[in-house]
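Numbering (my numbering), first residue to last: 122 to 359.
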Amino acid sequence: MTDVAELWSYLSTTPLIWLTTTTLAYLVADGLARRLGNPPWANPVLLSVLLIAPVLWLTNTDYPTYFEGAQFIHFLLGPATVALALPLWENRETIRTSVAPIVLALIAGSLVAAGSAILLARAFSLPMEVLLSLAPKSTTAPVALGISEAIGGLPALTAVLVILTGIIGAVTVTPVMNLLRITDWRARGFAVGVAAHGIGTARAFQVNPVAGAYAGIAMALNALLTSLIVPLLVRWLV
């Protein structure tokens, strides 16, 4: 038992242990979700958080120590964001024939996502730093962190809010769309891409490839538009 404790004490000080833990947690979570038939509530990111959080608590590991090991995964968010250009290019013909509805849906979704967050934060008298951190929650993490830092928010808090937004969107999108009787996969995918960025897009691909493609388009366009409108909304509404 002492040997095991000493081994863990040594490994926990090296970045590799937390990178490995994060990767294994996601593989286990993804495998479990597949076995369950990928229901909305069995989101791999949510399950990964539920697996890793107790490990961090039991080992008394603080966030900076964990992030030192998992930062390589964080680094990959940058190339992943650039790769969002791929679904845009592959679906360029479809986009050309649907420019008007896509633009209108994008503007409405981006304004509601950012504007409602700011107004609700003001209504509950949240501190200014929290309000600024909340505003870009519906865009993909690298862009959201950049926006948060630029407008005076807390990037670390924004990261948590982005993940929560994505998980909530991925879990609720299918039941909500079914309840509203929205059957067009393009509309379903675009909506989740705007509201729940990458985590929602991953869920859309699980449900339908067309929905996934449109979610990717929406996520990419929303990242661009949100980076432009959030600073303006903050000036106007705050």
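All C-beta atoms in this analysis are idealised placements derived from N, C-alpha and C, irrespective of residue type, glycine included.
Backbone CA spacing between residue i and residue j [nearest angstrom]
i, j, result
"Val93", "Gly230", "Outside the shown range of the chain, which is 122 to 359, sits residue 93, and nothing can be said about it."
"Trp139", "Gln192", "9 Å"
"Thr261", "Leu241", "21 Å"
"Val149", "Met298", "28 Å"
"Ala221", "Ile239", "27 Å"
"Leu153", "Asn159", "8 Å"
"Val189", "Arg217", "Correcting the residue type first, residue 189 is Glu in the shown sequence and not Val. Approximately 44 Å between the Cα atoms of the pair."
"Val251", "Gly274", "7 Å"
"Phe311", "Glu214", "16 Å"
"Leu227", "Leu167", "27 Å"
"Pro185", "Leu354", "32 Å"
"Val328", "Val313", "12 Å"
"Leu300", "Ile338", "24 Å"
"Gly267", "Pro175", "30 Å"
"Asn181", "Thr304", "47 Å"
"Gly321", "Pro352", "24 Å"
"His195", "Leu232", "27 Å"
"Val224", "Leu349", "15 Å"
"Thr141", "Ala336", "30 Å"
"Arg155", "Ser246", "42 Å"
Cβ neighbour criterion (16 or more within 10 Å) applied to residue i
i, result
"Ile288", "buried"
"Arg309", "buried"
"Gly333", "buried"
"Thr347", "buried"
"Trp306", "buried"
"Arg356", "exposed"
"Pro248", "exposed"
"Leu342", "buried"
"Thr143", "buried"
"Ser259", "buried"
"Leu344", "In the sequence as presented, Leu is not what sits at residue 344; that position holds Ala. Flag for Ala344 reads buried."
"Ala204", "exposed"
"Val294", "buried"
"Leu362", "Past the edges of the chain, shown from 122 to 359, lies residue 362, and the structure says nothing about it."
Cutoff 6 Å; reference residue i; Cβ partners in own chain excluding five residues on either side
i, result
"Glu270", "Pro276"
"Leu253", "Ile272, Gly273, Gly274"
"Ile284", "none"
"Arg324", "Ala291"
"Gly319", "Thr261"
Residues of its chain near residue i, where Cβ-Cβ distance is below 7 Å and the 5 sequence neighbours each way are ignored
i, result
"Tyr147", "Pro165, Ser169"
"Ile151", "The sequence given here places Asp at residue 151; Ile does not occur at that position. For Asp151, where only same-chain residues beyond five positions count, the Cβ hits under 7 Å are Pro165."
"Phe326", "Gly333"
"Leu137", "Gly190"
"Pro219", "The question names Pro, yet the displayed sequence has Ser at residue 219. Result list for Ser219: empty, nothing under 7 Å."
CB-CB length for residue i against residue j, believed under 8 Å
i, j, result
"Leu172", "Ala163", "Actually they do not touch by this definition, with Cβ atoms about 13 Å apart."
"Pro257", "Ala265", "4 Å"
"Tyr187", "Leu179", "The Cβ separation is near 13 Å, so there is no contact."
"Pro296", "Pro161", "6 Å"
"Thr286", "Ala317", "6 Å"
Sequence-distant residues of the same chain with beta carbon closer than 8 Å to residue i, five excluded per side
i, result
"Glu211", "Ala334"
"Ala206", "Ala341"
Exercise for the section: Please determine if the stretch 273-281 and the stretch 197-217 are in contact, where contact requires at least 3 C-beta pairs separated by less than 8 Å. Expected result: no
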